[in-house]
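*Asks:* Those letters in the sequence shown? Residues 1 to 238, by the UniProt record's numbering.
Please see the structure below; I have some questions.
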Amino acid sequence: MFENNIIRNRRLARMAYINIIRYIGIAPINPFLPTIAKQRGIPVLVIGILFTFMPIFNIVARPITGYITDRWRCRKQVFLGASLLNAFFTPLIHFTPDFNDNGHAEDLEIMTHWKFWIFVATITVRMLLWMVGDVLQDTICLEILGDDKKSYGRQRVWGAVGWGTSTLLVGACVDWYSVDKEHKNYLPAYLIAMAFLICHFIVASQLDVSPKNTYEAHENVYRYCSLYVRPLYIEKFK
Numbered sequence: 001m002f003e004n005n006i007i008r009n010r011r012l013a014r015m016a017y018i019n020i021i022r023y024i025g026i027a028p029i030n031p032f033l034p035t036i037a038k039q040r041g042i043p044v045l046v047i048g049i050l051f052t053f054m055p056i057f058n059i060v061a062r063p064i065t066g067y068i069t070d071r072w073r074c075r076k077q078v079f080l081g082a083s084l085l086n087a088f089f090t091p092l093i094h095f096t097p098d099f100n101d102n103g104h105a106e107d108l109e110i111m112t113h114w115k116f117w118i119f120v121a122t123i124t125v126r127m128l129l130w131m132v133g134d135v136l137q138d139t140i141c142l143e144i145l146g147d148d149k150k151s152y153g154r155q156r157v158w159g160a161v162g163w164g165t166s167t168l169l170v171g172a173c174v175d176w177y178s179v180d181k182e183h184k185n186y187l188p189a190y191l192i193a194m195a196f197l198i199c200h201f202i203v204a205s206q207l208d209v210s211p212k213n214t215y216e217a218h219e220n221v222y223r224y225c226s227l228y229v230r231p232l233y234i235e236k237f238k
């Protein structure tokens with residue numbers, strides 16, 4: 001039993017480390033996406049519409065990810081794949097088209113231009129990869145905790161530590177790199193995100209995750225989704 005506790009504590013320590021690294025890799029981009037979009041020349045109205053609907057993907061991505069990874073017992077593989085793809089996909093935002101030098105930045109009219117949809121597709125794929133990785137990291141963490149679910153908050157707090165650390169680090173780097181420039185250059189943010197997400201992939205690949213047969217719980221997926229749909233139905237017929 002003593003040996004089991006040592007192994008468990010080591011796994012929890014590694015999970016805390018993984019939480020820190022992951023959120024250092026995520027935080028450089030997520031809070032700045034609306035600012036980056038505006039700097040690209042996308043109107044504020046369109047940015048508001050875009051980031052109003054973006055969180056809806058989270059409602060869809062989480063149950064689908066859970067279903068697929070439980071059904072085919074590929075939780076760790078999908079988790080690592082999402083992290084690695086995110087590492088290489090994030091810097092692509094830096095190369096998305098700019099609307100400041102053309103005449104297409106006219107409110108909703110910009111949504112008819114192919115450059116706009118390149119930007120939308122890039123950030124959407126990146127956000128989906130983040131959502132998939134996020135739900136699987138939480139699931140793996142809960143599996144490691146076992147019956148000690150009350151310690152979940154202690155693990156998540158390390159993610160907050162990583163997020164706060166990253167915000168200070170990236171903000172300083174972006175300000176330094178953008179000295180004497182008309183607009184902020186977020187290249188350091190992309191590179192920091194890429195570096196830490198690659199580190200996250202390497203460290204997380206060492207986790208010992210034993211897939212469990214949870215396929216019998218999949219019939220509850222629709223019930224889970226209905227919790228989100230039902231309030232909309234009630235609101236409509238008030």
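Glycine included, C-beta positions come from ideal geometry on N, C-alpha and C.
Source: prediction; values computed, not measured.
Among the residues of its own chain, which have a CB less than 6 Å from the CB of Pro-91, if the five just before and after it don't count?
*Replies:* Tyr-190, Met-194
*Asks:* Compute the Euclidean distance between the alpha carbons of Leu-84 and Asp-180, then round it to the nearest angstrom.
*Replies:* 34 Å
*Asks:* Please report the straight-line C-alpha distance between Ala-204 and Thr-124, rounded to a whole angstrom.
*Replies:* 24 Å
*Asks:* Between the region 21-28 and the region 162-171, do three or more beta carbon pairs fall short of 8 Å?
*Replies:* Yes, the region 21-28 is in contact with the region 162-171.
*Asks:* Which whole-angstrom value describes the C-beta separation of Leu-207 and Ile-140, a residue pair presumed to lie in contact below a C-beta threshold of 8 Å?
*Replies:* 7 Å
*Asks:* Quick check on Arg-40: buried or exposed, where buried means 16 or more other Cβ atoms within 10 Å of its Cβ?
*Replies:* By the beta-carbon neighbour count (other beta carbons within 10 angstroms, threshold 16), Arg-40 is buried.
*Asks:* I need the boundaries of the alpha helix (DSSP H) containing Ala-27, first residue and last residue.
*Replies:* Unbroken run through Ala-27: none, as it is neither H nor E.
*Asks:* Near Ile-192, what residues of its chain come up, given a Cβ to Cβ distance below 8 Å and the 5 sequence neighbours on each side ignored?
*Replies:* Ile-24, Gly-25, Pro-28, Ser-166, Leu-169, Val-170, Cys-173
*Asks:* By the three-class DSSP mapping on this structure, what secondary structure does His-113 have?
*Replies:* coil
*Asks:* Could you give the first and the last residue of the continuous alpha helix (DSSP H) run that contains residue 325?
*Replies:* Since the first residue shown for the chain is 1 and the last is 238, residue 325 is missing from the structure and cannot be characterised.
*Asks:* Going by other Cβ atoms of all chains shown within 10 Å of its Cβ, with 16 needed for buried, is His-200 buried or exposed?
*Replies:* buried
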